[in-house]
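Colleague: One structure coming up, written as structure tokens, with questions to follow.
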Amino acid sequence: MNIVVLVKQVPDTWSERKLTDSDHTLDRESADAVLDEINERAVEEALLIKEAQGGEVTVVAMGPERATDAIRKALSMGADKAIHLSDEALHGSDAVQTARALAKVVGTVESVDLVIAGNEATDGRTGAVPAMLAEVLGLPQLTYARKVETDGSTIKVERETDAGIVHVEASLPAVVSVTEKINEPRYPSFKGIMAAKKKPVTVLSLADAGIDASEVGLANAGSKVVESAPKPPKQAGQRVTDEGSGGVQIVEFLAGQKLV
Ligand SMILES: Cc1cc2nc3c(=O)[nH]c(=O)nc-3n(C[C@H](O)[C@H](O)[C@H](O)COP(=O)(O)OP(=O)(O)OC[C@H]3O[C@@H](n4cnc5c(N)ncnc54)[C@H](O)[C@@H]3O)c2cc1C
1 MNIVVLVKQV PDTWSERKLT DSDHTLDRES ADAVLDEINE RAVEEALLIK
51 EAQGGEVTVV AMGPERATDA IRKALSMGAD KAIHLSDEAL HGSDAVQTAR
101 ALAKVVGTVE SVDLVIAGNE ATDGRTGAVP AMLAEVLGLP QLTYARKVET
151 DGSTIKVERE TDAGIVHVEA SLPAVVSVTE KINEPRYPSF KGIMAAKKKP
201 VTVLSLADAG IDASEVGLAN AGSKVVESAP KPPKQAGQRV TDEGSGGVQI
251 VEFLAGQKLV
């Protein structure tokens, strides 16, 4: 199995995230950056498939120079090699441009059987890139997978959404996106961390990947953030002290808010 995993470096959810004043894109420098947790699960699923079937796992990331740290984490978990699309001109790319650019990079990997992504990145949160990528590559898409089974030629997925669970099947090659229920990702071992330092990471510029600069970046994006404001601070809540009429007071409060 030749598996590609899409991994994204995102601001740590424990850091304060903010947008830049100049162009309203994410201020990546102001926050600690980590490999998105959902992508750790995507890497884990790829490693489980590789352990069962044999094969190779390539991680692909699009992001600034420091995304190398996220790539190394995926390699230290056990992925074999990585491709990093890194170019100043990518700044501000929207989901469509991101999907098209990632498709070009996936196209540089020979005979891909399976692409695994997270269902939604914790920063952009469009939850759209995997489906868009499948469309651009002309591959079946099996999104929101909470369980994946493959015999090397077909793939079966339990797809879970608010509407219920659907069993989906496709022949490979295909694109799968996984939810947080898929597995528990392994911790990189010391041996894995040391080995990751020697694993190959190919850094591609736009030109290397065959992407024209006019296809990416904020200036060419189909959508962009035009205005933003910080969330207002949380108001203090109303405290109800129960001196016999607590239940009535709560119902009155809820009725006042038109919640009951
Ligand atoms: C403040 C802010 C405003 C934004 N405004 C817009 C906007 O107006 N329009 C718009 O289209 N987008 C917008 N985005 C999205 C931004 O451009 C995204 O980072 C990018 O388009 C990818 O979308 P996503 O992160 O929502 O991916 P999702 O679709 O949520 O990610 C799903 C999965 O796709 C893969 N993936 C996604 N991005 C990458 C990557 N760079 N490298 C490797 N794998 C990846 C990962 O496996 C990920 O788990 C905004 C983001 C932010 C933070």
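For the sequence shown, full-length UniProt numbering gives the first residue as 1, with consecutive numbering after it. Every residue gets a Cβ at the ideal spot worked out from N, C-alpha and C, and that includes glycine.
(1) With distances taken Cα to Cα, identify the nearest neighbour of aspartate 23 among Glu227, Leu259, Glu169 and His167.
(2) Work out the CA separation of glycine 244 and glutamate 29 for me, nearest whole Å.
(3) Since proline 185 contacts glutamate 44 with CB under 8 Å, what's their CB separation in whole angstroms?
(4) Exposed or buried, what is proline 188 when buried is set at 16 or more other beta-carbons lying within 10 Å of its beta-carbon?
(5) What do you get for methionine 194, buried or exposed, if any count of 16 or more other CB atoms within 10 angstroms of its CB means buried?
(6) What is the residue span of the beta strand (DSSP E) that proline 11 lies within?
(7) Within 7 Å: the Cβ of lysine 224 and any heavy atom of ligand 1?
(8) Within the same chain, show all residues whose beta-carbon is closer than 8 Å to that of valine 105, passing over the 5 residues directly before and after it, in chain order.
(9) Beta carbon of leucine 133, beta carbon of valine 115: below 8 Å?
(10) In angstroms, rounded to a whole number, what distance separates the CA positions of threonine 150 and valine 157?
(11) In chain order, what residues of the same chain have a beta carbon less than 6 Å from the beta carbon of alanine 95, not counting five sequence neighbours either side?
(12) Work out the CA separation of aspartate 80 and alanine 103 for me, nearest whole Å.
(13) Residues in its own chain within less than 6 Å of isoleucine 211 by CB, not counting five upstream and five downstream?
(14) With distance defined between alpha-carbon atoms, name the residue in Glu252, Gly246 and Val4 nearest to glycine 107.
(15) Sorry if obvious, but does the Cβ on leucine 19 come closer than 7 Å to a heavy atom of ligand 1?
(16) What first and last residue would you give for the beta strand (DSSP E) that runs through serine 177?
(17) Fully enclosed by the stretch 72-109, which beta strand (DSSP E) runs are 3 residues long or longer?
(18) Where do the N-terminal and C-terminal ends of the alpha helix (DSSP H) with glycine 54 fall, by residue?
(19) What residue range is occupied by the uninterrupted beta strand (DSSP E) comprising leucine 139?
(20) Contact defined as beta carbons within less than 8 Å: I believe glycine 92 pairs with alanine 221. What is the distance between those atoms, to the nearest angstrom?
(21) May I ask which residues mark the beginning and end of the beta strand (DSSP E) holding valine 166?
(22) Work out the CA separation of serine 153 and serine 15 for me, nearest whole Å.
(23) Just checking aspartate 123 against ligand 3 - is the residue's beta carbon closer than 7 Å to any of the ligand's heavy atoms?
Modeller: According to the data block:
(1) In the sequence shown, the residue the question calls residue 23 occupies position 23. It is Glu227.
(2) Within the sequence shown, residue 29 is the residue found at index 29, counting from 1. Within the sequence shown, residue 244 is the residue found at index 244, counting from 1. Cα to Cα, the separation comes out at about 53 Å.
(3) Your numbering for residue 185 matches position 185 in the sequence shown. Your numbering for residue 44 matches position 44 in the sequence shown. Going by Cβ atoms, the distance from proline 185 to glutamate 44 rounds to 4 Å, so yes, they are a contact pair.
(4) By one-based count along the sequence shown, residue 188 stands at place 188. Buried, because 16 or more other Cβ atoms sit within 10 Å of the Cβ of proline 188.
(5) By one-based count along the sequence shown, residue 194 stands at place 194. Exposed.
(6) On the sequence shown, residue 11 is found 11 positions in, with the first residue counted as 1. Counting along the chain, the beta strand (DSSP E) containing proline 11 begins and ends at 9-11.
(7) Against the sequence shown, residue 224 aligns to sequence position 224. For ligand 1, at least one heavy atom lies less than 7 Å from the Cβ of lysine 224.
(8) Position 105 of the sequence shown, counting from 1, holds the residue named residue 105. Shown here for valine 105: same chain residues with a beta carbon closer than 8 Å to its own, the five before and five after excluded, namely Val60, Met62, Ile83, Leu85, Leu204 and Ala209 in chain order.
(9) What you label residue 133 is simply residue 133 of the sequence shown in a count that begins at 1. What you label residue 115 is simply residue 115 of the sequence shown in a count that begins at 1. Inclusion of leucine 133 and valine 115 in the CB contact set at 8 Å is warranted, their separation being smaller than that value.
(10) As a position in the sequence shown, residue 150 is number 150, starting the count at 1. As a position in the sequence shown, residue 157 is number 157, starting the count at 1. Between threonine 150 and valine 157, the C-alpha separation is close to 9 Å.
(11) The residue you call residue 95 lines up with position 95 of the sequence shown. Cβ within range, chain order: Thr126, Ala128 and Val129.
(12) Reading the sequence shown from its first residue, position 103 is the one you call residue 103. Reading the sequence shown from its first residue, position 80 is the one you call residue 80. Answer to the nearest angstrom: the Cα atoms are 20 Å apart.
(13) Translated into positions along the sequence shown, residue 211 becomes position 211. So the list reads Ala101 and Lys104, once near-sequence residues are dropped.
(14) For the purposes of this step, residue 107 is taken as residue 107 along the sequence shown, with counting starting at 1. It is Val4 whose Cα lies nearest to the Cα of glycine 107.
(15) Taking the sequence shown and counting its residues from 1, one reaches residue 19 at position 19. Leucine 19 Cβ: within cutoff of ligand 1.
(16) Taking the sequence shown and counting its residues from 1, one reaches residue 177 at position 177. It spans 174-178 - the beta strand (DSSP E) in which serine 177 sits, taken as one unbroken run.
(17) DSSP runs (the beta strand (DSSP E)) wholly in the stretch 72-109: 81-85.
(18) Taking the first residue of the sequence shown as position 1, residue 54 is located at position 54. Counting along the chain, glycine 54 falls outside any alpha helix (DSSP H), and DSSP gives it neither H nor E.
(19) On the sequence shown, position 139 is the one that residue 139 refers to. Leucine 139 -> no beta strand (DSSP E), and no H or E assigned at all.
(20) On the sequence shown, residue 92 is found 92 positions in, with the first residue counted as 1. On the sequence shown, residue 221 is found 221 positions in, with the first residue counted as 1. Between the beta-carbon of glycine 92 and that of alanine 221 there is about 6 Å, and that keeps the pair under the 8 Å contact cut.
(21) Position 166 of the sequence shown, counted from the start, is the residue given in the question as residue 166. In this chain, the beta strand (DSSP E) harbouring valine 166 covers 164-171.
(22) To locate residue 15, count along the sequence shown from 1; it is residue 15. To locate residue 153, count along the sequence shown from 1; it is residue 153. Their Cα atoms are separated by approximately 42 Å.
(23) As presented, the structure is devoid of ligand 3, carrying ligand 1 as its sole ligands.
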